[in-house]
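Residue numbers (this note's numbering), protein chains in the order written: chain A, 1 to 354; chain B, 1 to 187.
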């Protein structure tokens, strides 16, 4: 069990990025004791959503969480988010505006776990939240998620994505897996490229935080569209960045670093391991380090299989690339007072410098 | 963190009427008959001996049996592990399927892996799509002092979506859509 010690002071802003090795979640203290949570992953020590366990451990009351954002429906970003939504009933629940569509919601309904499971867990989590809440708030490019004063400082939380042009593509992908009478019931695979994710920008006045979610690059539908846009391309550059898509080159473009971020920002990564795909790769790590000296990863632990030797030996007769999904859990915590320029960085559990 | 596990498997099959629990277990594994599994897991924190979580997980059924799976060749074999796999994607160039593996015996964490398509039987080839579910069972058999290993990879034939299900999904989607509210947008 990680001891996170004390809560932030009311005049401190905080970004904590959690990673169990497969997945991520983020807790942001906006000041004045108020929080916003982005995505959800499981803390293996508590079996609960990592950000919920974290807020419990530092004594945050449920009514202090203002919003919960589910950046997209993939399992590694929403595990436990339905419990988070129950735990913080007064928080607004924000989802990608791609789901402000009947076909996209039919996709969630179809893969809500009644008839299928496995890879549909992410769909099940989101369905569960929407089904039990009275109101849900779809976010798209330029949506204002929060605009308020916290401890006398104006904070504006906005969505940089998804851009409307990406909707048709994302909905078409989801619609492809809609059930048809007579077709076999399978699980719902993740759909790539990911252009539906909500990228969150937190404007602190003279500084900003950019949370890149899993958005991938595309000239008209992804990162380049955001950067080229007159509104999002000219926001306050961020000094803290949750690197998009687990550091993958598909979620990166040099203009993110040159136009949306300040020089030498703090970069926080989480890892992803599935389907023979390990992110970040060594090349990804090098690329991130070329852009900043201040890069950290929440879960840098071993990917070695974790099972009985006899079982592993037998499984190796049939399978290759056998990789543990949920490796060491860790967290990267950034804090600073509103009038300070530089962040203090604390690493917990398996988190380490890149 | 240490994880200990005790599994108590209760078999309720109207199809297989074996006499001892090992035979029944094998029948279940081979045919995926309906069973109930109660699994109790205790998670101990190595940093804090007083911190334990006990989690009880009950699973009431497997999917219906897969035809022709009960094979005399594995009748006296012991299952080492049963993995429930989900196909994440199929790489036809490398002739592998990338899969997510979840152990059905013991408390083994989730893994991902790549499996050669040659392990997929001809009769299951039509089921090989992203999202398809299969069972990979690793058997061990001791015969006259020597150990023989065998394995079986079978895809689950899943039921089809019914018209009633499709209609219900559409109606549910309409209910969910009515809950969507609008956030303000920046100028």
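Each residue gets a CB set at the ideal place from its N, CA and C atoms; glycine is no exception.
Out of the options, which one is the CA nearest neighbour of residue i?
i                      : options                    : result
residue 84 of chain A  : A:73, A:90, A:52           : A:52
residue 76 of chain B  : B:120, B:148, B:102        : B:148
residue 87 of chain B  : B:106, B:112, B:177        : B:112
residue 340 of chain A : A:232, A:12, A:6           : A:12
residue 182 of chain A : B:162, B:176, B:81         : B:162
residue 107 of chain A : B:186, B:177, B:184        : B:177
residue 333 of chain A : A:269, A:122, A:273, A:307 : A:269
residue 244 of chain A : A:4, A:277, A:194          : A:194
residue 69 of chain A  : A:354, A:129, A:105        : A:129
residue 330 of chain A : A:251, A:350, A:232, A:131 : A:350
residue 133 of chain A : A:165, A:95, A:328         : A:95
residue 30 of chain A  : A:86, A:67, A:229, A:163   : A:67
residue 283 of chain A : A:253, A:247, A:314        : A:247
residue 62 of chain A  : A:79, A:36, A:77, A:73     : A:36
residue 216 of chain A : A:234, A:264, A:177, A:160 : A:160
residue 85 of chain B  : B:166, B:142, B:133, B:92  : B:133
residue 99 of chain A  : B:187, B:135, B:180        : B:180
residue 290 of chain A : A:49, A:315, A:254         : A:254
residue 78 of chain B  : B:166, B:175, B:141, B:114 : B:141
residue 101 of chain A : A:77, A:89, A:169          : A:169
residue 337 of chain A : A:2, A:188, A:15           : A:15
residue 75 of chain A  : A:32, A:54, A:89, A:111    : A:111
residue 137 of chain B : B:114, B:160, B:150        : B:150
residue 437 of chain A : A:121, A:233, A:158, A:325 : Nothing can be reported for residue 437 of chain A: it is not among the residues displayed for chain A, which extend from 1 to 354.
My guess is that residue i and residue j are in contact by the Cβ rule of under 8 Å, so how many angstroms apart are they, rounded?
i                      : j                      : result
residue 261 of chain A : residue 238 of chain A : 5 Å
residue 155 of chain A : residue 103 of chain A : The Cβ separation is near 35 Å, so there is no contact.
residue 191 of chain A : residue 174 of chain A : 7 Å
residue 311 of chain A : residue 80 of chain B  : 6 Å
residue 95 of chain B  : residue 116 of chain B : 6 Å
residue 342 of chain A : residue 335 of chain A : Contact doesn't hold; Cβ gap of about 11 Å is too wide.
residue 99 of chain B  : residue 307 of chain A : Incorrect: roughly 15 Å between the Cβ atoms, too far for contact.
residue 80 of chain A  : residue 49 of chain A  : 4 Å
residue 292 of chain A : residue 267 of chain A : 5 Å
residue 376 of chain A : residue 6 of chain A   : In the structure displayed, chain A extends from 1 to 354; residue 376 of chain A sits before or after that span and is not available.
residue 208 of chain A : residue 162 of chain A : No, residue 208 of chain A and residue 162 of chain A are not in contact; Cβ-Cβ is about 20 Å, not under 8 Å.
residue 82 of chain A  : residue 125 of chain A : 5 Å
When you measure from the CB of residue i to every non-hydrogen atom of the ligand PLP, does any distance come out below 8 Å?
i                     : result
residue 76 of chain B : As presented, the structure is devoid of all ligands, the ligand PLP included, so that no description of it is given.
If you measure from the beta carbon of residue i to each beta carbon in chain D, is any gap under 9 Å?
i                     : result
residue 77 of chain B : In the displayed structure, chain D is absent; the protein chains listed are A and B.
_Residues of the region 79-94 of chain B in Cβ contact with chain A at a cutoff of 7 Å, in chain order, please._
For the region 79-94 of chain B, which is checked against every Cβ of chain A, the residues closer than 7 Å are 80, 81, 86, 88, 89.
*Between the region 210-220 of chain A and the region 139-151 of chain A, do three or more beta carbon pairs fall short of 8 Å?*
no
*Please go through the region 34-76 of chain A and give each complete beta strand (DSSP E) segment of 3 or more residues, from N-terminal end onward.*
Runs of the beta strand (DSSP E) inside the region 34-76 of chain A: 34-38, 65-70.
*Fully enclosed by the region 123-155 of chain A, which alpha helix (DSSP H) runs are 4 residues long or longer?*
List check, alpha helix (DSSP H) in window: nothing returned.
*Selection of the region 114-134 of chain B by Cβ proximity to chain A, strictly under 8 Å*: 114, 115, 116, 119, 127, 129, 130, 131, 132, 133
*Closer than 9 Å, Cβ to any Cβ of chain A: which residues of the region 141-155 of chain B, in chain order?*
Within the region 141-155 of chain B, the qualifying residues are 149, 151, 153.
*Is there contact between the region 29-45 of chain A and the region 309-323 of chain A, where contact requires at least three CB pairs shorter than 8 Å?*
no
_To be precise: take each residue of the region 178-198 of chain A, compare its Cβ to all Cβ atoms of chain B, and keep it if any distance is under 7 Å. Which residues remain?_
179, 180, 181, 182, 183, 184, 185, 186, 187, 188, 189
*On the three-pair Cβ rule with 8 Å, is the region 152-160 of chain B touching the region 117-132 of chain B?*
yes
*Of all the beta strand (DSSP E) runs that stay within the bounds of the region 276-348 of chain A, which reach a length of 3 or more residues?*
277-279, 295-297, 319-324, 330-337
*Which parts of the region 184-231 of chain A are runs of the alpha helix (DSSP H), unbroken and 4 residues or longer, counting only runs that do not cross its ends?*
223-228
*When Cβ atoms are compared, which residues of the region 205-235 of chain A fall closer than 8 Å to chain B?*
231
*Quick one, which residues of the region 319-347 of chain A are near chain B if we go by CB-CB under 8 Å, in chain order?*
319, 320, 321, 322, 323, 324, 325, 326
_Output needed in chain order: residues of the region 156-178 of chain A with a Cβ under 7 Å from some Cβ in chain B._
Residues of the region 156-178 of chain A with a Cβ closer than 7 Å to any Cβ of chain B, in chain order: 158.
_Ordered list of beta strand (DSSP E) runs contained in the region 240-275 of chain A, each at least 3 residues_ = 261-269, 272-274
*asked:* Any C-beta of chain A within less than 7 Å: which residues of the region 166-178 of chain B qualify?
replied: 166, 169, 170, 172, 173, 174, 176, 177
*According to a CB-to-CB cut-off of less than 9 Å, which residues of the region 130-159 of chain A neighbour chain B?*
130, 131, 133, 134, 135, 136, 137, 138, 139, 140, 141, 142, 143, 144, 145, 147, 156, 158, 159
_Members of the region 96-107 of chain A that neighbour chain B once the beta carbon cut-off is set at 7 Å_ = 100, 102, 105, 106
_Start-end ranges of the beta strand (DSSP E) lying completely within the region 61-141 of chain B, minimum 3 residues_ = Here the runs fully enclosed are 78-91, 96-103, 111-116.
_Report the start-end ranges of each beta strand (DSSP E) in the region 80-110 of chain A that is 3 residues or longer and not cut off at the edges._
92-96
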